[in-house]
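Shown next, in structure tokens, is the structure this report addresses.
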Amino acid sequence: MLRFLAIFSFFAAFFLLLLTSLSLPIIKSIIVFDIWLDVDTGSFLDSGVEGGVSFGVWGYCISDVVVQ
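Residues 1101 to 1168 (my numbering) are what the sequence shown spells out, left to right.
Printed below as a string of structure tokens:
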């Protein structure tokens, strides 16, 4: 049982290292999840706020916040 756990841990670590090593120069972006916000005031003036955050392998990226 311990041998199986060691082999599984080795291949899991190798796969994660390969994923992070290739993601920057080749794949350019591996996005884990996005959070986007779009809020309208609901009034007759057509105003609101929108923006978002993308979380990826190397960190996060905040998009521009647009106020209308």
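In this text, a Cβ means the ideal position worked out from N, Cα and C, and glycines have one as well.
Enclosing beta strand (DSSP E) for residue i [first to last residue]
i: I1162; result: Y1160 to I1162
i: D1138; result: I1131 to D1140
i: V1157; result: Run containing V1157: none; DSSP gives neither H nor E here.
CB of residue i within 7 Å of CB of residue j, strictly
i: D1138; j: S1154; result: no
i: S1163; j: G1151; result: yes
Closest Cα partner of residue i within the set the options
i: S1147; options: L1122, F1104, V1167 and F1114; result: V1167
i: I1131; options: Y1160, L1116 and D1140; result: Y1160
Element boundaries [alpha helix (DSSP H), containing residue i]
i: S1121; result: L1102 to L1122
Distance cut-off 6 Å: residue i Cβ against heavy atoms of the ligand GTP
i: S1147; result: Looking at this structure, you won't find the ligand GTP or any other ligand, since it has none at all.
Contact belief for residue i with residue j at Cβ below 8 Å, rounded distance in angstroms
i: S1129; j: G1156; result: 6 Å
Bridge-paired residues (DSSP) for residue i
i: V1165; result: None, per the DSSP bridge assignment.
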